[in-house]
Each structure stands twice: as structure tokens, then as C-alpha cells.
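Colleague: Mind having a look at this structure? Questions to follow.
2 protein chains.
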Amino acid sequence: MLTNRQQLILSAIVEDYVRMAEPVGSRALAKHEQIQFSPATIRNEMADLEEMGYLAQPHTSAGRVPSQKGYRFYVDHLMPQDPVELDSTAEALRAFFTQRMDEMEQVFREMSTVLSTLTKQTAIVLGPKMYTDKVRKIELIPLAKGRAVAILVTDTGHVEDCTVHLSEDIRVDDVEFIVNVLNDKLVGVPVSKLRSSLYSQLAEELTKRVERYEDVLAIVEELCQVGHREEPVYIGGAANMLKQPEFHDVEKAQPLLSLLEAGHTVTRWLPLEGLGIQVRIGEENPEGPLQDCAVITATYSLADSPVGHIGVLGPTRMDYGRIMKILEYTSRTMTNLLTQRMEGN
Amino acid sequence: MLTNRQQLILSAIVEDYVRMAEPVGSRALAKHEQIQFSPATIRNEMADLEEMGYLAQPHTSAGRVPSQKGYRFYVDHLMPQDPVELDSTAEALRAFFTQRMDEMEQVFREMSTVLSTLTKQTAIVLGPKMYTDKVRKIELIPLAKGRAVAILVTDTGHVEDCTVHLSEDIRVDDVEFIVNVLNDKLVGVPVSKLRSSLYSQLAEELTKRVERYEDVLAIVEELCQVGHREEPVYIGGAANMLKQPEFHDVEKAQPLLSLLEAGHTVTRWLPLEGLGIQVRIGEENPEGPLQDCAVITATYSLADSPVGHIGVLGPTRMDYGRIMKILEYTSRTMTNLLTQRMEGN
DNA sequence: TGTTAGCACTCTCGTTACATGAGTGCTAAA
DNA sequence: TTTAGCACTCATGTAACGAGAGTGCTAACA
Numbered sequence: 001m002l003t004n005r006q007q008l009i010l011s012a013i014v015e016d017y018v019r020m021a022e023p024v025g026s027r028a029l030a031k032h033e034q035i036q037f038s039p040a041t042i043r044n045e046m047a048d049l050e051e052m053g054y055l056a057q058p059h060t061s062a063g064r065v066p067s068q069k070g071y072r073f074y075v076d077h078l079m080p081q082d083p084v085e086l087d088s089t090a091e092a093l094r095a096f097f098t099q100r101m102d103e104m105e106q107v108f109r110e111m112s113t114v115l116s117t118l119t120k121q122t123a124i125v126l127g128p129k130m131y132t133d134k135v136r137k138i139e140l141i142p143l144a145k146g147r148a149v150a151i152l153v154t155d156t157g158h159v160e161d162c163t164v165h166l167s168e169d170i171r172v173d174d175v176e177f178i179v180n181v182l183n184d185k186l187v188g189v190p191v192s193k194l195r196s197s198l199y200s201q202l203a204e205e206l207t208k209r210v211e212r213y214e215d216v217l218a219i220v221e222e223l224c225q226v227g228h229r230e231e232p233v234y235i236g237g238a239a240n241m242l243k244q245p246e247f248h249d250v251e252k253a254q255p256l257l258s259l260l261e262a263g264h265t266v267t268r269w270l271p272l273e274g275l276g277i278q279v280r281i282g283e284e285n286p287e288g289p290l291q292d293c294a295v296i297t298a299t300y301s302l303a304d305s306p307v308g309h310i311g312v313l314g315p316t317r318m319d320y321g322r323i324m325k326i327l328e329y330t331s332r333t334m335t336n337l338l339t340q341r342m343e344g345n
Numbered sequence: 346m347l348t349n350r351q352q353l354i355l356s357a358i359v360e361d362y363v364r365m366a367e368p369v370g371s372r373a374l375a376k377h378e379q380i381q382f383s384p385a386t387i388r389n390e391m392a393d394l395e396e397m398g399y400l401a402q403p404h405t406s407a408g409r410v411p412s413q414k415g416y417r418f419y420v421d422h423l424m425p426q427d428p429v430e431l432d433s434t435a436e437a438l439r440a441f442f443t444q445r446m447d448e449m450e451q452v453f454r455e456m457s458t459v460l461s462t463l464t465k466q467t468a469i470v471l472g473p474k475m476y477t478d479k480v481r482k483i484e485l486i487p488l489a490k491g492r493a494v495a496i497l498v499t500d501t502g503h504v505e506d507c508t509v510h511l512s513e514d515i516r517v518d519d520v521e522f523i524v525n526v527l528n529d530k531l532v533g534v535p536v537s538k539l540r541s542s543l544y545s546q547l548a549e550e551l552t553k554r555v556e557r558y559e560d561v562l563a564i565v566e567e568l569c570q571v572g573h574r575e576e577p578v579y580i581g582g583a584a585n586m587l588k589q590p591e592f593h594d595v596e597k598a599q600p601l602l603s604l605l606e607a608g609h610t611v612t613r614w615l616p617l618e619g620l621g622i623q624v625r626i627g628e629e630n631p632e633g634p635l636q637d638c639a640v641i642t643a644t645y646s647l648a649d650s651p652v653g654h655i656g657v658l659g660p661t662r663m664d665y666g667r668i669m670k671i672l673e674y675t676s677r678t679m680t681n682l683l684t685q686r687m688e689g690n
């Protein structure tokens, strides 16, 4: 489709533009090492590339800028594939991952800031889904009258809690009995299956002893919801957005920041399908404010099944190669970390 | 110090400027209902007010703008004190508080968005400190080899968890014993006193049976840190910042957003001393980026002791009266809510 | 003595005009 | 097929200018 020379030129334009954030002209390109053609030749090729939709021109006498299609082609075919060493960046990541961090929540939070610092973009980290976690223990701790806190611990060390309401005159050994039954029947069940296990396993057991059937049902309902709780979202470096020249205009930046602020909605627009690195450029994104953004995501896994996502959000003019490498490295290391952790160091 | 007329004029200038976000001139002021003087008279007074430092002039032929001192005087002496009804705003708040929300975390998160929506500024909600909470129960749940999760539940229903490392060959009944002792000795102790209780109560008890003294110490150390964990910070409407004309310049807004992003540092610059409503205007704030902001905070309490803070951050040009009233109402209702909750509905 | 009308002055802001420079497309020569 | 040359386009920066808003000061007025 594209001649070698056209590919070379497109590639150079993308890389120049990513670096300088300004439309790149034929003269500037001619100074590139790899390109030995005269500006005129380049101009001809550029005109062709524009006609084919890979480039765009902000206005008649400006340089060229990659279009969404141009970026896409670059990402799919032109980007340097060989593992160029990530120099100091890799160092920083390595340092981050060799820190001892016991609390996973802290890992995710810090990871979002590290990722955003390294990429100078906005980082999004989705905590792991618990779907595949299995129930390790359930506790029910009465507080003041009629209130108790139910705690669910999974085999990965995840702790979730919720408040439940009890009848005020429930007896201590009632509570104890409930907890015992819950643990007997539900330990080892994946949290995603909690609700279905509930009816098949618990119903008749509990009616044997406890009169207040509805109370108990309510408790377990709450527990089920805990199991289906949204994964936590950590956003780092949202303010980095404003450092990008394309968002120096507040009108552009404001909707984006608002979007990020509604953290739990990210799952609606992050590319979460498939495995591996996903890249969404410009209008490939659903939400309006993302139309001139690119989103890159990667998954991390636990025991071979993907459990969470990390991503980077920035203007379409972003250093795809570098960021994809960073994400790839991070997701790999993250997976290892989680897996080691599971296997008890 | 200031004549009645000067106070009237200052007050009018502040209120006009807050509304219009533009320097207010003598002609505009003369049209005010409460002011029956000619523009010339007003000009004279304004000149005096400026000389005294209550007003400032962006440039020679612009209207006047309140200075920090002007805002301060307005807040301290001029602001309408009588409880002007908060109209629809109060309605919204009432609606928010009458929603049934079991999970406190959700309450705080939503509160930050509600507050920011109502004030059109940035809202900051500090979750309650647990200092005064008392230990209700401690659990220790072994996971994979050498790892366990310790859970601490307080009498207010707060649940905190942390990962602890155990020797791999610890026995089940060792764990059970430890948990029993911990609960025997520490239940009812305020989390703030955990560490001191530890040494006075636990040391000899544990050495009686468990050989791995250090293991146990490590666990309890972790637990203590849980007790001293920072209060969670919820920030709502950070993107609202950008809607204020004073932050249409990205250079101004960016540092502020960065500051907000480092959520846990807010305790460094929020006015958290004393009780009641606190107002910090402009250079009364410590951090650089806050120099042209105002921060208003209020406390909320549980059983007569203040446990947390809510606050609003915006440009110095803000509607102090309204926002203070909103915060006051919110903190009062919040206090009631918490207290009711404690007393078991 | 306090208030007001009048007036000259200042300063911002938007518009227009114009020069500059970067970059292009096209044509013709190599 | 490539390149040099040239006319053309368009954004950007600067300067000039008028309009408008607001001030300070002075003098008249109650």
C-alpha cells in the first residue's frame, strides 16, 4: 500500500511531531538523518500521504500532522519493534517493584503515580477484580444494637466489609450459628458464585434453626454485593494533562478532568477487551471528550487469568512506542509480583 | 475604624465582585439599591478604602477589587449573619442526608461530590480519625504460607486490614492463641493507645506460650500502624477549579490540581485547628499555589468530640456567606448522622 | 462641610493594517 | 525520477487607532 519511502516519511513525521508538538514541514524532515531526499520530494510524498488520509494540515501553509489513521498505521506497522532499552525509566520501575510493599492498595496507588511520572501522562490503574477469588473466611461482628459489620476475606488476602442490619433481639449464639454455617458452606466458593451458592446451599440449613429468615437473607445479600463490588480505580497525574500543549486551552481540558474525576466510570471507556496491550486512538474512543486522546491499556494477571488493568491516557500525539513498552514491562512485573505473593513469597 | 458608609460600600463591592468576577466601578455601585450616593462620592470612599488596604485596583482605569484584607474584613464583620434560607441548596443537602447509606466510605465520597456540586468549587472531605475509636475485635487469618491478614474492627464499625508475615511453621493453635490474647487484652482500648497498651499488657502473657516472640511483636506493630493510619481523603469537583475565570490560565491551575492530587498532603495545608468554621484567605494559606485561594473548613463530631473535617477550596473571590452556611449545615447534619448511627439508629 | 457634576486623563480591549516567515504546490530543468 | 525555483497562502507579531469604562481632581452646590 505505502511505499517504503512513504512509510519512512510517515514514521519520521509521527516521531517529530510527538517530540516537538508542532506541525512538521518538509524542510525540517529533510534534515533528518535517515532521509536523504530534498524537501521537494518530501513535499510530493506528503501530498500523497495526505490524500490517502494519513496526514492532515492544520492550515494551508503549515507543516503536516499525523491523522488518526496515520497514528494507527504507525502503531500497527512502523513503530520500532525491537526492545530498545528503557534506560533510566526501566531503572525507576525496577526500583519501584523491588520496594517492599505489603499493602496492595498502596501498591496500586503508588503505581499510578509512578506510571504517570514516567509517562508524563495520566495513569489509570484498576485494582484486581475479585471475581476469581475464593472465600477464605466470613465474619460477622455485632456493634451497637441492630447493627453489625460483615467481613469477607478472600484467599488472596482481599478484605471487604459492609454494614448489615440485624433484628435488635438477635441472640449471640444465633450470630455464632449463622457465621458458622456461612463459613461451612461458603468457604472456597468464588465470590462471583456467592449468590448462586447462597440459594442452593444455605436456604434449608438456616431455616432449621433461625426463625428470622429474612434477617439472614439480608445479610447474605449484602455479602453478595460485596463480592460484586466494583474494582477500585486509581488515577495518577491527572494534572499532567494540563502540561500537554493540546490542553492548554481550558475548554478542552475541563471535560477530560471531569471524566477522570468520575473514577468509577472509567470502565465504560477503557479498552478492556482482549489481552495484551490495547491502543485506542482518537475517534476510536467512545466518549466525546476522548476524541482527541489516545488510551493505551494492558492487563495484569494472577495465576494465568487476567485480573486487572493498567492504562495511560494522553493526547493522540503521544510516544506510543515508549509508553507501550513501559506498560508492557509494568504489567509483566505486576503479574510476577502478584503471583509470587500468592505462592507465599 | 471604617465608617458605616465605607462598610456598606466595601460590602457591596465584595458581593458584586463575587457575582460578576469583574472589577466593580463606581457607576455600577451607584445603581445598587442600598446605595444612594453619586458615583463621585463612591469614588472618594473607594480611594480611601484603597489607601487603607481594603481594595485594590488591577490597573489605573479599572474598577476596584477586594484585597485579602478586604475579604477578611467582610468575612469578620460585614457578612450577613442571619440565617438566610438556603433555598434549593438546603433541599439538596437534606435529600442527600436522608438517603439511606450504609457504607460510610460511600457517604464521604458522595458528600464530596454533592458539596462540590452545590458550591461549584472543590470540596475536600476528611474521613474520621479513628483515634478515639475503641478496639472491638481483632482477627488474624492465615493465607498462603507465611502470610496472614490481620483485621481490626472498631466499635464504630470501622474495619482496617493489613498483611502480616508469620513464620512458616507457626501452628494453627498458636494463631488461635495469639488472637485470643490480643482480643482479651486489647478490646476496648482506644486505637490511639494501642502501642502503649501493647507493652504494658501483652509482653509477658505471650512469652508464656509462644516461642517466636518477634513474630508476634511484628504482628502487633502492624496493627498499631493500622490504628495510626491516615484518615482517608475524598476530593470532589477538582475540575470545577477550571471553571473559575481566575484559573482559566492553565499556569495558575496546574499547580493547584497537582496539590490536590497528592490527596494525603491536604492535612498540611487545611486549617484544622480549632472548632467551628475556619476561613483562610489568600496569603493566610501556607502553600504557594494557594496564595490566591480561600479555604473554608468545618469539623464534624461524634459524641461531642470532633473526628473529621469537611472543606471547600476556591479562588479568594468566593461566596463566603453561602459556602460557610452550607458547610455549617453539612457539618451539623453529619454530626447527627454519625451520632445516630453510633446509638444504633 | 459634605456631596455632586463636569471634565480631562489613563488604560484595556478589539479592530485593522501590515510586514515577516514558514511552508506549500506547481512547473521546468537536470 | 528527482530537484531547484518561484509564486502563493496563511499564521503570527507589531503598531496604530478608536471606543469604552473608569478614575482623580476641581469647582459648584446644599
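Respectively, the protein sequence lines represent chains A and L.
All residue numbers in the first sequence are consecutive under my numbering, ending with 345.
All residue numbers in the second sequence are consecutive under my numbering, ending with 690.
Where a beta carbon is used, it is the ideal one built from N, C-alpha and C, also for glycine.
In chain A, what lies closer than 8 Å to cysteine 507 of chain L by C-beta?
Modeller: Here the neighbours are Asp102 and Glu103.
Colleague: Would you mind reading off the limits of the beta strand (DSSP E) that contains isoleucine 138 of chain A?
Modeller: 135 to 142 is the span of the beta strand (DSSP E), which, as asked, contains isoleucine 138 of chain A.
Colleague: For lysine 69 of chain A, which residues of its own chain have a beta-carbon under 6 Å away from its beta-carbon, when the five flanking residues on both sides are left out?
Modeller: If we look at lysine 69 of chain A and ignore the five residues flanking it on each side, its Cβ neighbours are Gly53 and Tyr54.
Colleague: Inspect the beta-carbon positions of threonine 132 of chain A and alanine 148 of chain A and report whether they are closer than 9 Å.
Modeller: Not in contact: threonine 132 of chain A and alanine 148 of chain A (Cβ atoms no closer than 9 Å).
Colleague: Please classify threonine 156 of chain A: is it buried, with 16 or more other beta-carbons within 10 angstroms of its beta-carbon, or exposed?
Modeller: By the 10 Å Cβ count, threonine 156 of chain A comes out buried.
Colleague: Looking at chain L, is there any beta carbon in it that lies within less than 9 Å of the beta carbon of alanine 253 of chain A?
Modeller: Closer than 9 Å to some Cβ of chain L, the Cβ of alanine 253 of chain A qualifies, so yes.
Colleague: Measuring only between beta-carbons, confirm whether asparagine 690 of chain L sits less than 9 Å from chain A.
Modeller: Bear in mind that the predicted position of asparagine 690 of chain L carries a pLDDT of just 46, short of 50, making it too unreliable to give a figure here.
Colleague: Taking a Cβ distance cut-off of 9 Å, strictly less, list which residues of the segment 507 to 521 of chain L are near chain A, in chain order.
Modeller: From the segment 507 to 521 of chain L, only Cys507, Thr508, Val509, His510 and Glu513 have a Cβ closer than 9 Å to chain A.
Colleague: Can you name the residues that DSSP bridges to alanine 238 of chain A?
Modeller: Alanine 238 of chain A is not bridged to any residue.
Colleague: Since leucine 587 of chain L and alanine 598 of chain L are thought to touch, with beta carbons under 8 Å apart, how far apart are those beta carbons, to the nearest angstrom?
Modeller: Contact flag correct, Cβ pair sits at about 6 Å.
Colleague: Taking CB distances under 9 Å as the criterion, tell me whether glycine 502 of chain L reaches chain A.
Modeller: Yes, because at least one Cβ of chain A sits closer than 9 Å to the Cβ of glycine 502 of chain L.
Colleague: Checking 9 Å against the spacing of the C-beta atoms, do valine 135 of chain A and alanine 123 of chain A come in under that value?
Modeller: No. Outside cutoff.
Colleague: Which same chain residues end up closer than 8 Å to alanine 375 of chain L when comparing Cβ atoms and leaving out the 5 residues on each side of it in sequence?
Modeller: These residues qualify, in order along the chain: Phe382, Ser383, Pro384 and Ile387.
Colleague: Residues of chain A with CB closer than 8 Å to the CB of serine 650 of chain L, please, in chain order.
Modeller: Simply none; closest approach about 17 Å.
Colleague: Below 7 Å CB to CB, which residues in the same chain sit around histidine 158 of chain A once its five sequence neighbours on both sides are set aside?
Modeller: Once the five neighbours on either side are set aside, the close Cβ partners of histidine 158 of chain A are Met130 and Asp133.
Colleague: Run the CB neighbour count on glutamine 81 of chain A, radius 10 Å, all protein chains shown included, and call it buried at 16 or more, exposed below.
Modeller: Glutamine 81 of chain A should be labelled exposed.
Colleague: Determine the direct distance from the alpha carbon of isoleucine 138 of chain A to that of valine 18 of chain A, and round the result to whole angstroms.
Modeller: Cα-Cα distance, rounded: 52 Å.
Colleague: For glycine 311 of chain A and alanine 298 of chain A, I'd like the C-alpha separation in whole angstroms.
Modeller: Approximately 6 Å between the Cα atoms of the pair.
Colleague: To which residues does DSSP link alanine 468 of chain L through a beta bridge?
Modeller: According to DSSP, alanine 468 of chain L bridges with L/Gly581 and L/Val657.
Colleague: Which chain A residues sit within Cβ distance under 8 Å of histidine 593 of chain L?
Modeller: Here the neighbours are Val250.
Colleague: Distance cutoff 9 Å, beta carbons only. Does methionine 424 of chain L sit that close to anything in chain A?
Modeller: No, methionine 424 of chain L lies away from the interface with chain A (no Cβ there is under 9 Å from its Cβ).
Colleague: Per DSSP, what kind of secondary structure is tyrosine 544 of chain L in: helix, strand or coil?
Modeller: In this structure, tyrosine 544 of chain L counts as helix in the three-state DSSP scheme.
Colleague: Tell me the DSSP bridge mates of tyrosine 300 of chain A?
Modeller: BP columns for tyrosine 300 of chain A point to A/Gly308.
Colleague: Mapping the DSSP letters down to three states, classify glutamine 278 of chain A as helix, strand or coil.
Modeller: DSSP places glutamine 278 of chain A in strand when its eight states are reduced to three.
Colleague: Near asparagine 345 of chain A, which residues of its chain fall below 8 Å by C-beta distance, leaving aside the five closest residues on each side in sequence?
Modeller: Residue placement at asparagine 345 of chain A is poorly supported in this model, since its pLDDT is 46, which falls under 50; the coordinates still yield a value, given next. Once the five neighbours on either side are set aside, asparagine 345 of chain A has no close Cβ partner at all.
Colleague: For leucine 347 of chain A, return the contacting residues in chain L, with the cut-off set at a CB-CB distance below 9 Å.
Modeller: Since the first and last residues shown for chain A are 1 and 345, residue 347 of chain A lies out of range.
Colleague: From what residue to what residue does the alpha helix (DSSP H) around arginine 686 of chain L run?
Modeller: Taken as a continuous stretch (DSSP letters only), the alpha helix (DSSP H) holding arginine 686 of chain L covers 665 to 687.
Colleague: At a CB-CB cut-off below 7 Å, which residues of chain L make contact with glutamate 139 of chain A?
Modeller: Correct list: Glu484.
Colleague: So, does the CB of serine 258 of chain A fall closer than 9 Å to a CB anywhere in chain L?
Modeller: Taking Cβ atoms only, chain L reaches closer than 9 Å to serine 258 of chain A, which makes this a yes.
Colleague: Would you give the residue range spanned by the alpha helix (DSSP H) that isoleucine 370 of chain A belongs to?
Modeller: It is not possible to answer for residue 370 of chain A, since the shown part of chain A is limited to 1 through 345.
Colleague: So with Cβ pairs under 9 Å, would you call alanine 584 of chain L a contact of chain A?
Modeller: Alanine 584 of chain L counts as touching chain A.
Colleague: Near glycine 408 of chain L, what residues of its chain come up, given a Cβ to Cβ distance below 6 Å and the 5 sequence neighbours on each side ignored?
Modeller: Excluding sequence neighbours, glycine 408 of chain L sits near Pro368, Val369 and Gly370.
Colleague: Could you please give me the residues that DSSP links to valine 494 of chain L through a beta bridge?
Modeller: Bridge partners of valine 494 of chain L: L/Ile486 and L/Thr508.
Colleague: Under 9 Å between beta-carbons, which chain L residues line up against valine 349 of chain A? List them in chain order, please.
Modeller: What the structure shows of chain A is the stretch from 1 to 345, and residue 349 of chain A is not part of that stretch, so it cannot be assessed.
Colleague: Which bits of chain L does methionine 130 of chain A rub up against, with CB to CB less than 9 Å?
Modeller: In chain order: nothing, as chain L lies at least about 14 Å away.
Colleague: Under the DSSP definition of a beta bridge, which residues are partnered with proline 631 of chain L?
Modeller: Answer is none; proline 631 of chain L lacks a bridge partner.
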